[in-house]
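Asker: Below is the structure I would like to discuss, written out as structure tokens.
Protein chains in written order, with the working numbering: chain A, 188 to 429; chain B, 245 to 482; chain C, 508 to 722.
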């Protein structure tokens, strides 16, 4: 376990906007999450999902508005905040020239993970990559890299996990395994924010979801009867476009 | 949270491990430096007379050319190495991953700088003897000052170059912009390096002048390494 | 503020031919030396502008005040504009005075290097894509910081060769016209920086209005 002096239970996005000149990526987005939840960001390509995740991951400063972690702003907390956030981006953040084990060890060291060897072994098991631990990542298929990238994002046991299209490239068994993993994380008090297109995998997994359209976030209504996530999303999208 | 120096060491060690395996960057940079030296030699040396060791006037000319060609080789190959190092971090956006780690951003700068320095020293260990061989330059005259010039000059160039290359990773036209931005700022380094080296290589060696240039390089390094350390955090952490 | 500056600049510059005409000829160069009364102020303004851009950039990097960025951009552009004048008038003078188009003397060389750095600054800001305001700020800061080193190194380099630059001590009769032209050209510079910075600020305000309109 990593020892940290800072932790938080809630994340608040307050009226966050982000523009590049005249192009707006996010417009007055507000949402809140707490540990032990899985939240979904749904929307068409270019709607701003990745931008919102970047802002939450402290990679980007919003043009206006603020993000509070346990009530505090990121610059008030300092560099230690990043030790409580795990990010799985579109571009997996893996070094192709290193082996799976070396990638995990490298990021583990940077995060100051204690008992690194055992932790890396566990991560490789969770990714079901133990037998390929010493192979270079450049030889892995997209799906294998995705599994490894997830474990890299979780190696330091973060409180806030940001996932950008985590189901991409995964076969059916891996999707189920990922969903189980996320449920286990939720049970241990982690706050997960997931941007995805994969309604089938996300259905039943997500507690609350927002539809992003033109940079604005619209909360999906609670399911009416046996309504699927896809239906709820379409309803929200129609409402947004109206 | 681990400390800055330890984080820099972890990053540098990772890069050096990768490099030690394939040695791709070392070989390509080295051969590029050799090509530059050859091309400039053909461009500047007028003929066999210039290389006649019995002619005193030409001995001075030779030492000047040797110094100039050496530093041009260092500057060009250094720029290549910079571009390639950060190109690697662009794939899979790993530079972002480094900035996401709970370490001070300056650790990323220091780690990358250390790797580049090791690489360039490796290249210089070959290039300097090669230039000495081609031009009959007296490498053993004032060896400490020569090492000092190479060390401080390489550090100055690498300090500014690492910052600029990191900054430009996500910019458009970054391959062209890096030399365009770096070379004017590196002019004092190259000038000092060349003049200092020429003073040592000259038939009537002038270590005092070389030492004067060395002093300037030390000042340059002090100012620009400090500036780079100050500005790396604000510019990378958007 | 701006109209007052422009008025001062206009008065000074309109009067300058008369003032410059009244100054004595410099011994060796004759009438060509009169270019000095414009070349030097433009060079002084150019160097000042590099420091304005560098300092404004540092303020922007630390405080992220938008106005600092606009001033840095304006000053950066003016470095290249005023620099062109210096780099054209310098060689013209050198050709007539010493028979060569270019002299590797510290000030002229420093001007050339600064010009190149800030031309690159403009290229970066125009073609680099998003986020180049911060990148540009670093370039301007480094450009400002390297100016003394370029001067120092070229000076040491030239120390081995005969000096061909103008004597620094000036007789009274030459100093007054020089100060006259300095005042006018500095006033012009100040006006241009303010106007250009304001244009940038208006552009940003326009874009903010565009965004606000969509809300």
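Glycine is no exception: its CB is placed at the ideal position from the N, C-alpha and C atoms.
Go ahead and label residue 298(A) buried or exposed: buried means 16 or more other beta carbons lie within 10 angstroms of its beta carbon, across all protein chains shown.
Answerer: As a first step, residue 298(A) must be located in the first chain, where it is residue number 111. With 16 or more Cβ atoms within 10 Å of its Cβ, residue 298(A) is classed as buried.
Asker: When the distance is taken between beta carbons, is residue 436(B) closer than 8 Å to residue 461(B)?
Answerer: Position 217 of the second chain, counted from the first residue, corresponds to residue 461(B). Position 192 of the second chain, counted from the first residue, corresponds to residue 436(B). Yes, these two residues count as a Cβ contact at 8 Å.
Asker: Is the beta carbon of residue 322(B) sitting closer than 8 Å to the one on residue 364(B)?
Answerer: Taking the first residue of the second chain as position 1, residue 322(B) is located at position 78. Taking the first residue of the second chain as position 1, residue 364(B) is located at position 120. Result yes, Cβ atoms of residue 322(B) and residue 364(B) sit closer than 8 Å.
Asker: Considering only residues of the region 308 to 392 of chain A, which uninterrupted beta strand (DSSP E) runs meet the minimum length of 3 residues and lie entirely inside it, listed in chain order?
Answerer: Segments of the beta strand (DSSP E) lying fully in the region 308 to 392 of chain A: 347 to 351 and 378 to 382.
Asker: Please say whether residue 264(A) and residue 347(A) have beta carbons closer to each other than 8 Å?
Answerer: Translated into positions along the first chain, residue 347(A) becomes position 160. Translated into positions along the first chain, residue 264(A) becomes position 77. For residue 347(A) and residue 264(A), no; Cβs fall outside 8 Å.
Asker: Would you kindly check if the distance between the Cβ of residue 236(A) and the Cβ of residue 378(A) is under 8 Å?
Answerer: Mapped onto the first chain, residue 378(A) falls at position 191. Mapped onto the first chain, residue 236(A) falls at position 49. No; because the gap between Cβ atoms is not below 8 Å, this pair is not in contact.
Asker: At a CB-CB cut-off below 9 Å, which residues of chain B make contact with residue 203(A)?
Answerer: By one-based count along the first chain, residue 203(A) stands at place 16. By Cβ distance, chain B contributes nothing, its closest Cβ being about 15 Å from residue 203(A), past 9 Å.
Asker: Kindly list the residues whose CB is nearer than 6 Å to the CB of residue 303(B), restricted to its own chain and excluding five residues on each side of it in sequence; keep chain order.
Answerer: Reading the second chain from its first residue, position 59 is the one you call residue 303(B). Contacts found: 447.
Asker: Taking its Cβ as the centre, do 16 or more other Cβ atoms sit within 10 Å of residue 450(A), making it buried, or is it exposed?
Answerer: There is simply no residue 450(A) to check, as chain A begins at 188 and stops at 429 in what is shown.
Asker: Comparing alpha-carbon positions, which option in 402(B), 388(B) and 285(B) lies nearest residue 325(B)?
Answerer: For the purposes of this step, residue 325(B) is identified with residue 81 of the second chain, where counting begins at 1. It is 402(B).
Asker: Which residues of the region 699 to 722 of chain C have a Cβ closer than 8 Å to any Cβ of chain A? Give them in chain order.
Answerer: Taking 8 Å as the Cβ-Cβ cut-off against chain A, the residues of the region 699 to 722 of chain C that qualify are 714, 717, 718, 721 and 722.
Asker: Name the residue from 223(A), 282(A) and 254(A) whose alpha carbon lies nearest to the alpha carbon of residue 199(A).
Answerer: Here the question's residue 199(A) lines up with position 12 in the first chain. Among 223(A), 282(A) and 254(A), the Cα nearest to that of residue 199(A) is on 254(A).
Asker: Can you tell which of 250(A), 268(A) and 292(A) has the C-alpha that lies nearest to the C-alpha of residue 204(A)?
Answerer: Along the first chain, read from residue 1 onward, the residue named residue 204(A) stands at position 17. Measuring from the Cα of residue 204(A), the nearest candidate turns out to be 250(A).
Asker: By Cβ distance below 7 Å, which residues in the same chain neighbour residue 280(A) in space, the five residues on each side in sequence not counted?
Answerer: Walking along the first chain from the start, residue 280(A) turns up at place 93. Around residue 280(A): 336 and 339.
Asker: Return the residue from the list 595(C), 621(C), 635(C) and 568(C) that minimises the CA-CA distance to residue 584(C).
Answerer: Residue numbering aside, residue 584(C) sits at position 77 when the third chain is read from its first letter. Ranking 595(C), 621(C), 635(C) and 568(C) by Cα distance to residue 584(C) puts 621(C) first.
Asker: In chain order, what residues of the same chain have a beta carbon less than 6 Å from the beta carbon of residue 695(C), not counting five sequence neighbours either side?
Answerer: As a first step, residue 695(C) must be located in the third chain, where it is residue number 188. If we look at residue 695(C) and ignore the five residues flanking it on each side, its Cβ neighbours are 516.
Asker: For residue 411(A), tell me which candidate among 402(A), 404(A), 422(A) and 401(A) has the shortest Cα-Cα distance.
Answerer: Within the first chain, residue 411(A) is the residue found at index 224, counting from 1. When each option's Cα is compared against that of residue 411(A), the closest is 422(A).
Asker: For residue 209(A) and chain C, any beta-carbon pair shorter than 8 Å?
Answerer: Looking up residue 209(A) in the first chain gives position 22. Yes, because at least one Cβ of chain C sits closer than 8 Å to the Cβ of residue 209(A).
Asker: For the alpha helix (DSSP H) holding residue 347(B), just list the boundary residues, first then last.
Answerer: What you label residue 347(B) is simply residue 103 of the second chain in a count that begins at 1. Counting along the chain, residue 347(B) falls outside any alpha helix (DSSP H), and DSSP gives it neither H nor E.
Asker: Under a CB-based cut-off of 8 Å, is residue 206(A) close to chain C?
Answerer: By 1-based counting over the first chain, the position of residue 206(A) is 19. Chain C, which has a Cβ nearer than 8 Å to the Cβ of residue 206(A), makes this yes.
Asker: Can you check whether the CB of residue 355(B) is closer than 8 Å to the CB of residue 264(B)?
Answerer: Position 20 of the second chain holds residue 264(B). Position 111 of the second chain holds residue 355(B). Taking 8 Å as the Cβ cut-off, residue 264(B) and residue 355(B) do not qualify as a contacting pair.
Asker: So who's on the other strand from residue 197(A), going by DSSP bridges?
Answerer: For the purposes of this step, residue 197(A) is taken as the residue at position 10 of the first chain. DSSP lists 221(A) as partners of residue 197(A).
Asker: What do you get for residue 315(B), buried or exposed, if any count of 16 or more other CB atoms within 10 angstroms of its CB means buried?
Answerer: Numbered from its first residue, the second chain carries residue 315(B) at position 71. Flag for residue 315(B) reads buried.
Asker: Determine which residues share a DSSP beta bridge with residue 203(A) and list them.
Answerer: Reading the first chain from its first residue, position 16 is the one you call residue 203(A). In DSSP, residue 203(A) forms a bridge with 216(A).
Asker: Taking the C-alpha atoms as reference points, what is the distance between residue 289(B) and residue 552(C)?
Answerer: On the second chain, residue 289(B) is found 45 positions in, with the first residue counted as 1. On the third chain, residue 552(C) is found 45 positions in, with the first residue counted as 1. The alpha-carbon atoms of residue 289(B) and residue 552(C) are separated by roughly 42 Å.
Asker: Which residues does DSSP list as the beta-bridge partners of residue 272(A)?
Answerer: Your numbering for residue 272(A) matches position 85 in the first chain. Paired residues: 347(A).
Asker: So if I threshold CB-CB distances at 8 Å, which residues from the region 453 to 480 of chain B count as touching chain C?
Answerer: Per Cβ criterion, the list reads 456, 457, 460, 463, 464, 467, 468, 471, 475, 478 and 479.
Asker: From residue 306(A) to residue 710(C), what distance separates their C-alpha atoms?
Answerer: As a position in the first chain, residue 306(A) is number 119, starting the count at 1. As a position in the third chain, residue 710(C) is number 203, starting the count at 1. So the alpha carbons of these two residues sit roughly 53 Å apart.
Asker: Does DSSP put residue 211(B) in a helix, in a strand, or in coil?
Answerer: Because chain B here runs from 245 to 482, residue 211(B) falls outside it and cannot be looked at.
Asker: Can you give the beta carbon distance from residue 383(A) to residue 229(A), rounded, assuming they're within the 8 Å contact cut?
Answerer: The residue labelled residue 383(A) in the question sits at position 196 within the first chain. The residue labelled residue 229(A) in the question sits at position 42 within the first chain. Contact flag correct, Cβ pair sits at about 7 Å.
Asker: Can you grab the Cα-Cα spacing for the pair residue 375(B) / residue 286(B), in whole Å?
Answerer: For the purposes of this step, residue 375(B) is identified with residue 131 of the second chain, where counting begins at 1. For the purposes of this step, residue 286(B) is identified with residue 42 of the second chain, where counting begins at 1. Each residue's alpha carbon lies about 13 Å from the other.
Asker: Alpha carbon to alpha carbon, what distance is there between residue 385(A) and residue 432(B)?
Answerer: Indexing the second chain from 1 puts residue 432(B) at position 188. Indexing the first chain from 1 puts residue 385(A) at position 198. Going by the C-alpha atoms only, they are around 56 Å apart.
Asker: Of all Cβ atoms in chain A, is any one closer than 8 Å to the Cβ of residue 429(B)?
Answerer: Reading the second chain from its first residue, position 185 is the one you call residue 429(B). Judged by the 8 Å Cβ criterion, residue 429(B) is not in contact with chain A.
Asker: In terms of residues, what are the limits of the alpha helix (DSSP H) holding residue 607(C)?
Answerer: Looking up residue 607(C) in the third chain gives position 100. Here residue 607(C) belongs to no alpha helix (DSSP H), and DSSP marks it neither H nor E.
Asker: What would DSSP say about residue 396(A), mapped onto helix, strand or coil?
Answerer: The residue labelled residue 396(A) in the question sits at position 209 within the first chain. Three-state result, residue 396(A): strand.
Asker: Within 8 Å of any Cβ in chain A, is that where the Cβ of residue 573(C) sits?
Answerer: Position 66 of the third chain, counted from the first residue, corresponds to residue 573(C). Answer no: the Cβ-Cβ gap between residue 573(C) and chain A never drops below 8 Å.
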